[in-house]
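Asker: Right, I'll just put the structure down here and ask away after.
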Amino acid sequence: MTKPQVEQYLADKNQDAVPVFMAFRDAALAAGDGVTEKVSRTMVAWKSTRTFATAYVKGKYLECSIDLLREVRHQHLKAAFATTKTVITHRFTLEPDEDVDADMRSWLSEAFRDVGPGARRT
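Okay, structure coming up:
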């Protein structure tokens, strides 16, 4: 979607969380050609055919998820759980002074490539 929609979503959120939200957004949009963004009242999602990442601001924190076909570990990982037979959703919490690091950017690209088109295998 458009940046004004994201700005509208962020308007009533804790402004300390905005830079880390925008960093995650930039990384999700850069995950691959054809990423689309869906802004709702409560969250923002990134997808191609299937949603592969989401994020929302909760207080001063960024709560985000990345869907992968494998389980990963990370210092900011809060939970990992199967959402289908093949897809594992990873939930992360980032504080305002924390970065969307190289691992997370790499996983967003992997999620776009492997989960975004739909995870069904023939």
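Anchor point for the sequence shown: position 94 equals 1333 in this note's numbering, and the numbering is continuous, going up by one each time.
All C-beta atoms in this analysis are idealised placements derived from N, C-alpha and C, irrespective of residue type, glycine included.
Note down, in chain order, each residue of its chain lying with its Cβ closer than 6 Å to the Cβ of S1348, except the 5 sequence neighbours on either side.
Answerer: Your numbering for residue 1348 matches position 109 in the sequence shown. Hits under 6 Å: A1270.
Asker: If you drop the 5 nearest sequence neighbours on each side, which residues of the same chain put their C-beta closer than 6 Å to that of D1353?
Answerer: For this step, residue 1353 is matched to residue 114 along the sequence shown. Answer for D1353: L1308, listed in chain order.
Asker: Taking T1390 as the reference, which of L1316, V1278 and T1290 has the closest Cα?
Answerer: This structure gives no information on residue 1390, because the portion of the chain shown stretches from 1240 to 1361.
Asker: Looking only at C-alpha atoms, which of R1264, E1310 and D1338 sits nearest to A1294?
Answerer: As a working mapping, residue 1294 is identified with position 55 in the sequence shown. Nearest of R1264, E1310 and D1338 to A1294, Cα basis: R1264.
Asker: With T1332 and E1302 assumed to form a contact (beta carbons below 8 Å), what rounded beta-carbon distance in angstroms separates them?
Answerer: Your numbering for residue 1332 matches position 93 in the sequence shown. Your numbering for residue 1302 matches position 63 in the sequence shown. That belief holds up - the Cβ atoms of T1332 and E1302 are roughly 6 Å apart, short of 8 Å.
Asker: Starting from D1306, trace the beta strand (DSSP E) in both directions and tell me its first and last residue.
Answerer: On the sequence shown, position 67 is the one that residue 1306 refers to. Per DSSP, D1306 belongs to the beta strand (DSSP E) from Y1300 to L1307.
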